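Below is one structure, written out as structure tokens; the observations come after it.
Laid out in structure tokens, this is it:
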């Protein structure tokens, strides 16, 4: 483990790949890696890219990589795929459009599953950001693929959140439904060369800018790269503004929410272990619910009471 | 509270409405209602209707209401709207297509928010099913509106799950992505009068029937009612088969999963209360994470250790 971490701190790609795989396995080794790298982390800035399926997020991320590389940044990309609610498996995202950067040493691209224990942001995702961070990637793009915003609240881990919208698919309505009007720092009307783009731009401006002065609405054509440089400028301006204004408070809230996620996962494990160990007793409680002798809340309470130290 | 529950048991509509509102408020009164009605519940069968947005779920549910009413059942409908990830507010679903049944005493239709504490099925939804159940509604349709399957796992509360798909929108791919191929007992290719319906029907048959003998694939045209009677037959057959085969085991798993959801919610509250009460100590732990003195897992562990009784 020490040798992986040493290589990570030198920015070696094999170590990044290996470390993220270990994080995804979520075993004891994952905890060891985080323990060893955490003190070195905190230098990268995280850019979230979200929006409805088909908005052109992957193409735009491909363009962002190019623009950031041209400015001398090292760019990590973590694409979060929605998991099946049943199997927990990840669908491979369309990473093809990013592959032109695959051989560039200053770029690292990876798809991750969003298993999202307890509805929170996947632990592996947060820790993978730390891995890229300590390996020297100073701009990390987290792309949420598909309708992942309910599952992975990208804005709770990103320093700046870009919401990408598509004029073709009634995205202003989609955006309202998904709560996207509340999470973005920057709204991008992509495919701005097609009809409907101006209408969407005006819709979004009236929806999001009202009362939120810092919000930026931009147009891009990701397929040609049009507007991408202006987007990078807007991201960097948003980052500067946040870093000089309330950043500590944002980090504090982020730590609080991460701690809560981890604690819930730990508590869930404690309860499950307890239920397995005291199987007979737990079975009898479940039987009582099945026979409608006690209601589920009373039953849960009686189990929780044995696990929790109330003081 | 006693008077509400008395009226509920007599099937009075005002009491159903009042009780579900109390459940949605999620206060102490909600617990009281569940405690009082739980022993009377368990008679209704729950039919889940899910699928991608635009598949025609609401129209189909409207038709199912009619078909079930014609067969003498009392039908309750709970339409679960996806909540904004930020505000927690519900978007009003398109209930218009169901309104023809609004004045029928044997039908009760209600939209509910899917706040989904800890990623689980909203407690209010499970308890609202109980309310309808004890009020004499013997078929309860739970419709998940939009892309809610990540949020509300309808198949974990329904006795029979119908997945509705639309030939127009590449729904076989959507279905795979959303894990829907694994949750349905019955797959409905709706809008079966348009082109693409047969192709989708064949896709779905090959996707879901392989290895799952009991799965049924049907075609409907919800707008005209075509195929709806056959759908009700299929639902009832699926119910009979489940009731005579492994139903107890299914109920047991459902209780286990409900208890786990409730316990996680209770534990989350315990931790939050503790963090508020011991604010100084918790603040100093968060400060240590912010200064990268300890990593988030160590920090969470130290808080959990004070809450949990390890034995």
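Residue numbers (our numbering), protein chains in the order written: chain A, 184 to 494; chain B, 184 to 494. Think of the CB as a built atom: it goes at the ideal place given N, C-alpha and C, for glycine as much as any other residue. Fair warning: this is a prediction, and the values are worked out from it, not measured in the lab.
Residue j beta carbon less than 9 angstroms from that of residue i
i, j, result
"residue 227 of chain B", "residue 369 of chain B", "no"
"residue 352 of chain A", "residue 237 of chain A", "yes"
"residue 415 of chain A", "residue 251 of chain A", "yes"
"residue 375 of chain B", "residue 429 of chain B", "no"
"residue 566 of chain A", "residue 230 of chain A", "Shown here, chain A extends from 184 to 494; a query on residue 566 of chain A therefore has no answer."
"residue 259 of chain B", "residue 406 of chain B", "no"
"residue 221 of chain A", "residue 293 of chain A", "no"
"residue 481 of chain B", "residue 473 of chain A", "no"
"residue 349 of chain A", "residue 321 of chain A", "no"
"residue 327 of chain A", "residue 233 of chain A", "yes"
"residue 485 of chain B", "residue 469 of chain B", "no"
"residue 307 of chain A", "residue 206 of chain A", "yes"
"residue 449 of chain A", "residue 483 of chain B", "yes"
"residue 287 of chain B", "residue 223 of chain B", "no"
"residue 318 of chain B", "residue 225 of chain B", "no"
"residue 492 of chain A", "residue 490 of chain B", "yes"
"residue 421 of chain A", "residue 347 of chain A", "no"
Per-residue DSSP class, three states only, for residue i
i, result
"residue 433 of chain A", "helix"
"residue 184 of chain B", "coil"
"residue 145 of chain A", "There is no way to answer for residue 145 of chain A, as the model of chain A reaches only from 184 to 494."
"residue 227 of chain A", "coil"
"residue 259 of chain A", "strand"
"residue 477 of chain A", "coil"
"residue 313 of chain B", "helix"
"residue 369 of chain A", "strand"
"residue 340 of chain A", "coil"
"residue 462 of chain A", "helix"
"residue 146 of chain B", "Within the shown structure, residues of chain B are numbered from 184 to 494, placing residue 146 of chain B beyond reach of any answer."
"residue 484 of chain A", "helix"
The ligand ATP heavy atom lying under 8 angstroms from the CB of residue i
i, result
"residue 431 of chain A", "With respect to the ligand ATP, the structure offers nothing, as it holds no ligand at all."
Within chain E, the residues that residue i reaches when beta carbons sit closer than 7 angstroms
i, result
"residue 451 of chain A", "Absent from the structure: chain E. Protein chains present are A and B."
- prompt: Quick check: the stretch 429-448 of chain B against the stretch 423-441 of chain A, are there 3 or more CB pairs under 8 angstroms?
  reply: With a cut-off of 8 angstroms, the stretch 423-441 of chain A and the stretch 429-448 of chain B do not count as touching, because too few Cβ pairs lie within range.
message: Quick check for students: name the residue ranges of the beta strand (DSSP E) that lie wholly in the stretch 376-443 of chain A, counting only runs of 3 or more.
response: You should have 399-402.
- prompt: Below 8 angstroms, can you find three or more Cβ-Cβ pairs linking the stretch 400-418 of chain A to the stretch 366-385 of chain A?
  reply: With a cut-off of 8 angstroms on Cβ pairs, the stretch 400-418 of chain A is in contact with the stretch 366-385 of chain A, counting three or more such pairs.
query: Mind listing which residues of the stretch 472-488 of chain B have their C-beta closer than 9 angstroms to chain A's C-betas, in chain order?
result: Of all residues in the stretch 472-488 of chain B, those with a C-beta nearer than 9 angstroms to a C-beta of chain A are 472, 473, 475, 476, 477, 478, 479, 480, 481, 482, 483, 484, 486, 487, reading in chain order.
message: Taking 8 angstroms as the cut-off, does the stretch 421-433 of chain B touch the stretch 440-453 of chain A (at least 3 CB pairs, one atom from each stretch)?
response: Segments in contact, no.
message: Any C-beta of chain B within less than 8 angstroms: which residues of the stretch 400-433 of chain A qualify?
response: Answer set for the stretch 400-433 of chain A: 431.
Alpha helix (DSSP H) runs contained entirely in the stretch 198-242 of chain B, provided each spans 4 or more residues: The stretch 198-242 of chain B contains these whole alpha helix (DSSP H) runs: 211-220.
- request: Spell out a yes or no on whether the stretch 337-353 of chain A and the stretch 211-218 of chain A are touching, meaning 3 or more CB-CB pairs, one atom from each, closer than 8 angstroms.
  value: Using a C-beta cut-off of 8 angstroms, the stretch 337-353 of chain A makes no contact with the stretch 211-218 of chain A, since fewer than three inter-stretch Cβ pairs fall below that distance.
field: Chain-ordered residues of the stretch 200-211 of chain A with a beta carbon less than 8 angstroms from chain B
entry: Residues of the stretch 200-211 of chain A that bring their beta carbon within less than 8 angstroms of a beta carbon in chain B are absent altogether.
query: Can you find at least 3 beta carbon pairs, one from the stretch 454-461 of chain B and one from the stretch 453-463 of chain A, that sit closer than 8 angstroms?
result: No, because fewer than three Cβ pairs between the stretch 454-461 of chain B and the stretch 453-463 of chain A fall closer than 8 angstroms, the two stretches do not touch.
task: Below 7 angstroms between beta carbons is the criterion; list the residues of the stretch 454-473 of chain A that meet it against any residue of chain B, in chain order.
output: Cβ contacts with chain B come from 454, 469, 472, 473.
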